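Down below is the structure, laid out as structure tokens.
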Amino acid sequence: METGIARHGSPEALESRMHRGTNQSGMRDHNERLVLSLVRQHGSLAKSDIARMTGLSAQTVSVIMRELEEDKLLVRQAPLRGKIGQPSIPMALNAEGAFFIGLKIGRRSAELVLIDFLGNVRAMLQHSYRYPAPRETVEFVSAGIKKMRGELTPAQDKRIAGLGIAMPFELWSWADTAGAPREIMDEWRHRDIRADIQAQCDFPVYLQNDATSACGAELVFGQAGAARDFVYFYIGAFAGGGIVLNGRLFGGPTGNAGALGSMPVPGPDGKPTQLIDVASIAILEKALSAKGIDGSYLWTSPQEWGDIGAELDDWIASASRALAYAIVAASSVIDFEAAVIDGWMPLDVRRRLVEAIRQAIAGIDAEGLKLPVVREGTVGIHARALGGASLPLSERFLIGPTSISRSA
């Protein structure tokens with residue numbers, strides 16, 4: 001497969017193109033984000049490494065890293081000896097440097113997660129329901145934030161840098177599919193959930209589409225490797241996705257770019273339908289219900305579904321065909337390096353789904369296209385909640401913040 005590095009030259013040239021800094025006055029914020037992004041990507045770096053990667057002067061890098069260390073965002077590692085001259089001192093992210101809260105509002109459950117600067121989960125709360133109701137959701141968030149903050153030290157509490165909400169846009173549109181009372185779902189149409197939660201917080205609150213947020217989690221916390229352009233599918237109650245271009249999450253002007261659930265694909269009868277109507281886990285639950293089987297465990301036990309049998313086999317077969325067509329169609333627009341599949345499902349089910357997608361793609365006429373490598377995601381079932389937490393992290397500390405709704 002032709003990689004991004006092969007297309008754009010050597011790894012050093014690509015890194016220089018992506019991470020070129022500026023010594024102009026007034027640009028310290030950008031350069032600080034640049035340093036933090038590089039250290040996050042590489043684990044730890046010495047000043048000389050950052051100067052080489054960015055083109056910034058050694059003096060500029062020294063000033064930036066000293067200030068980041070004083071702000072407790074970076075910590076010194078053990079000196080690297082054995083070379084000529086002074087030993088090199090790598091700098092790494094300080095886990096205690098900042099904390100972030102992520103909220104996932106799903107069609108069957110809500111999750112609240114607290115992470116540190118490294119992305120380690122410090123606390124997580126979950127609330128399951130038949131359908132999401134605005135008032136109950138705000139009450140869950142209010143009580144959850146109070147509980148989480150109560151378990152932090154005063155110094156840690158002061159370092160909460162923001163809360164990110166990951167939820168489906170136009171949630172009210174899915175009342176019938178979710179089996180929810182229309183009057184309850186219509187409340188979402190008239191509620192500004194970000195403003196409701198912002199009123200309870202003394203830190204900024206951000207909002208993004210849930211599947212796009214999950215894509216952001218894969219980008220920030222996952223093991224994307226060298227891929228800088230990938231299409232991402234998150235298979236939850238409904239299928240959705242996101243797009244990463246040039247190493248940055250692309251949300252588009254409305255934040256809804258990568259609305260892959262709406263992509264037309266061949267349906268079971270060969271007629272066009274939307275991906276969401278074939279590859280969503282809600283379709284699997286519906287098949288189980290038709291056989292008189294209670295499928296609620298699909299939402300409450302995502303780590304282990306047990307032996308479902310023929311219904312799961314049929315769902316994987318139809319979902320993989322639809323996802324294969326979606327990947328090929330997306331590849332006709334952008335030559336993605338990878339197609340990443342993740343979701344609210346056990347690891348063995350995800351593995352089976354990915355293998356079935358690979359086989360299905362092999363049977364599609366893709367002449368003239370450079371198809372991406374299809375691989376499993378590396379974040380897992382909590383990708384949407386972690387993606388919510390990644391919103392304030394990316395917006396405030398990394399280069400290339402996404403287009404998200406936030407407080408003024």
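Going left to right, the sequence shown walks through residues 1 to 408 as the UniProt record's numbering numbers them.
All C-beta atoms, glycine included, are put in the ideal place defined by N, C-alpha and C.
As the structure is a prediction and not an experimental result, all values here were calculated from the model.
### Task
Please name the residue or residues paired with H127 in a DSSP beta bridge.
In the sequence shown, the residue the question calls residue 127 occupies position 127. BP columns for H127 point to A110.
In three-state terms, what does DSSP make of V333?
-> As a position in the sequence shown, residue 333 is number 333, starting the count at 1. In the structure shown, V333 sits in coil (DSSP, three-state: anything other than H, G, I, E or B).
| task | Tell whether a beta-carbon distance below 8 angstroms holds between I89 and Q77. | result | Here residue 89 is taken as the residue at index 89 of the sequence shown, counted from 1. Here residue 77 is taken as the residue at index 77 of the sequence shown, counted from 1. Yes, the pair counts as a contact, with Cβ atoms nearer than the cut-off.
With distance defined between alpha-carbon atoms, name the residue in L125, G97, L103 and G106 nearest to L118.
In the sequence shown, counting from the first residue as 1, residue 118 sits at position 118. With distances taken between Cα atoms, L118 lies closest to G97.
Discussion item. For F99, list the residues DSSP reports as bridge partners.
Written reply: As a position in the sequence shown, residue 99 is number 99, starting the count at 1. D116 and I160.
*Taking the C-alpha atoms as reference points, what is the distance between I293 and D313?*
As a working mapping, residue 293 is identified with position 293 in the sequence shown. As a working mapping, residue 313 is identified with position 313 in the sequence shown. For I293 and D313, the distance between alpha carbons rounds to 16 angstroms.
L207, buried or exposed, once every other Cβ within 10 Å from all chains shown has been counted against 16
Numbered from its first residue, the sequence shown carries residue 207 at position 207. Buried, by the Cβ-count rule.
Which runs of the alpha helix (DSSP H) at least 4 residues long sit entirely within the stretch 335-391? Give them in chain order. 347-362
| How many angstroms separate the CA atom of S390 from the CA atom of L103? | Here residue 390 refers to the residue found at position 390 when the sequence shown is read from its first residue. Here residue 103 refers to the residue found at position 103 when the sequence shown is read from its first residue. Going by the C-alpha atoms only, they are around 10 angstroms apart.
query: Starting from R189 and walking both ways along the alpha helix (DSSP H), at which residues does that stretch end?
result: Sequence index remark: in the sequence shown, residue 189 carries index 189 (1-based). R189 -> alpha helix (DSSP H) spans R182 to H190.
In chain order, what residues of the same chain have a beta carbon less than 6 angstroms from the beta carbon of K72, not counting five sequence neighbours either side?
-> Residue mapping note: residue 72 aligns to position 72 of the sequence shown, counting from 1. N94 and G97.
Query - F203 to H30 span [Cα, whole Å] - result: Residue 203 sits at position 203 when you count from the first residue of the sequence shown. Residue 30 sits at position 30 when you count from the first residue of the sequence shown. Approximately 21 angstroms between the Cα atoms of the pair.
What would DSSP say about Q303, mapped onto helix, strand or coil?
Within the sequence shown, the letter at position 303 stands for residue 303. Coil at Q303, not helix or strand.
Self-check item: Alpha-carbon to alpha-carbon, K291 and E395
Solution: Your numbering for residue 395 matches position 395 in the sequence shown. Your numbering for residue 291 matches position 291 in the sequence shown. Rounded to whole angstroms, E395 to K291 spans 47 angstroms at the Cα level.
Rounded C-alpha distance that separates Y129 from G295: Counting from one through the sequence shown, the residue named residue 129 turns up at place 129. Counting from one through the sequence shown, the residue named residue 295 turns up at place 295. Spanning the two alpha carbons is a distance of roughly 13 angstroms.
Short Cβ contact (8 angstroms threshold) for P392 with G144: Position 392 of the sequence shown, counting from 1, holds the residue named residue 392. Position 144 of the sequence shown, counting from 1, holds the residue named residue 144. Not in contact: P392 and G144 (Cβ atoms no closer than 8 angstroms).
### Task
Could you tell me the distance, in whole angstroms, from the CA atom of Q126 to the CA atom of V138?
The residue labelled residue 126 in the question sits at position 126 within the sequence shown. The residue labelled residue 138 in the question sits at position 138 within the sequence shown. Between Q126 and V138, the alpha-carbon positions lie close to 13 angstroms from each other.
Practice task
Could you check if A279 is buried or exposed, using at least 16 other CB atoms within 10 Å of its CB as the buried criterion?
Solution key: For the purposes of this step, residue 279 is taken as the residue at position 279 of the sequence shown. Burial call: buried.
Q | Terminal residues of the alpha helix (DSSP H) in which F238 lies | A | Looking up residue 238 in the sequence shown gives position 238. Taken as a continuous stretch (DSSP letters only), F238 belongs to no alpha helix (DSSP H), as it is neither H nor E.
| said: So if DSSP puts P272 in a beta bridge, which residue, or which two residues, is it bridged to? | reply: As a position in the sequence shown, residue 272 is number 272, starting the count at 1. Looking at the DSSP assignment, P272 forms a beta bridge with P266.
So is the beta-carbon of G295 under 7 angstroms away from any non-hydrogen atom of the ligand ATP? Among the components of this structure there are no ligands whatsoever, and the ligand ATP is therefore not found.
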